[in-house]
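Numbering (this note's numbering), first residue to last: 3 to 364.
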């Protein structure tokens, strides 16, 4: 397993990390489905063990992933391995419990202590402010920032993280006509106030391409010397052919894909069309497509780490061992050409909906 020095965290981590949203199982939060069907806890734990055996040192979970189940599974792993060699990340900000708001100071402290108990550890290496909703007029923003920094000074967390928009360039924030102006401006304002050490962002074959005059999240992270974790590189399985246009679209209650904008017939058809060109060039197996998707993300920037979701040992083992040789510049150009029409089609059909956990978690 390759290692990378993650800026901001000042720790070496495995280039590929275990994204533990998918092992949380079915769950809902404030009436919103946020989980995954088809999760067996024994198989999920076996996946964590397999990841560790293959050299993974970065494990990313959250209080809201399975409402504690994901954290507890990672905690089982920590009982069996050397905790000090691992980087453990969790999050707060979506789950309020009976509190008035997820970012109320008492709720943050309570959730952190619960996360530490679930994980069986006395500290987190990285603690993310998971959501950007700080209440009306950002009522809880200062309270949340002050609380999280106090927890860092107390040694309960080592570094603070926050989420970046899925589509972002610094220049968009000052362009009132750009459709992502508000999201970009909001992120910049929160970044200035929170001062995170690490960012997380969705990045995959469908992510937009940026011009030379645009400062994307990679350039932004380098400029500010913060780390960057990439999530959803497999597009929740869609970019490796896990679902065809004829796949059933019914999901049980508590599965985030229920009614999700990605899991529609038009979206599946568009992605299927884009993958046909990749299959022709790189091979048609799921391992072939996984190699393309993971390599594409890994090679974007040498200072980033990539989080891979899984539900069992077979999945994580395949994802970690199918990488083969790096992609050539011609390969990357062919990938971007094949997926450009898919991006255009999905952008044109994207509904204007509020941010929600199932859109941003990973």
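Note that CB positions come from ideal geometry on N, CA and C, so glycine has one too.
Please list, in chain order, all residues of the same chain as residue 10 whose beta carbon is under 6 Å from its beta carbon, the five residues on each side excluded. 199, 200, 228, 229
Which complete beta strand (DSSP E) runs does the stretch 210-260 hold, if anything under 3 residues is left out? As far as the stretch 210-260 is concerned, its whole beta strand (DSSP E) runs of at least 3 residues are 229-233.
The alpha helix (DSSP H) spanning residue 143 covers which residue range? 143-155
Does the structure place the stretch 108-126 close enough to the stretch 138-155 that three or more beta carbon pairs sit under 8 Å? Cβ pair count under 8 Å is three or more, so yes.
On the CB-based measure, 16 or more other CB atoms within 10 Å of its CB, does residue 179 come out buried or exposed? exposed
Just to confirm before moving on: does the CB-CB distance between residue 301 and residue 270 stay below 8 Å? no
The stretch 89-109 in contact with the stretch 133-144 per 3-pair CB rule at 8 Å: yes
Simplified DSSP assignment, three categories, for residue 7: Under the three-state reduction of DSSP, residue 7 is assigned to strand.
Residue 317: buried (16+ other C-beta within 10 angstroms of its C-beta) or exposed? buried
Closest by C-alpha distance to residue 20, when choosing among 221, 40, 90, 182: 90
C-beta contact flag for residue 314 and residue 29 at 8 Å: no
Pair within 8 Å by beta-carbon distance, residue 369 and residue 73: In the structure as shown, the chain begins at 3 and stops at 364. Residue 369 is therefore absent and cannot be evaluated.
Comparing alpha-carbon positions, which option in 34, 218, 214, 253 lies nearest residue 205? 218
Going along the chain, which residues of its own chain have a beta-carbon closer than 6 Å to the beta-carbon of residue 255, five neighbours each way excluded? Cβ neighbours of residue 255 beyond the five flanking positions: none.
Do residue 61 and residue 18 have their CB atoms nearer than 8 Å? no
Straight-line Cα distance separating residue 175 from residue 297: Rounded to the nearest angstrom, the gap between the Cα atoms of residue 297 and residue 175 is 30 Å.
Applying the criterion that 16 or more other CB atoms from any shown protein chain within 10 Å of the CB defines a buried residue, is residue 257 buried or exposed? Around the Cβ of residue 257, a 10 Å sphere holds 16 or more other Cβ atoms; the residue is buried.
Put residue 20 into one of helix, strand or coil per three-state DSSP. Three-state DSSP puts residue 20 in a strand.
Give me the Cβ distance between residue 232 and residue 299, rounded to the nearest whole Å; I'm assuming they're in contact under 8 Å. 5 Å
Could you give the first and the last residue of the continuous beta strand (DSSP E) run that contains residue 307? 306-311
In whole angstroms, give me the CA-to-CA distance for residue 289 and residue 129. 32 Å
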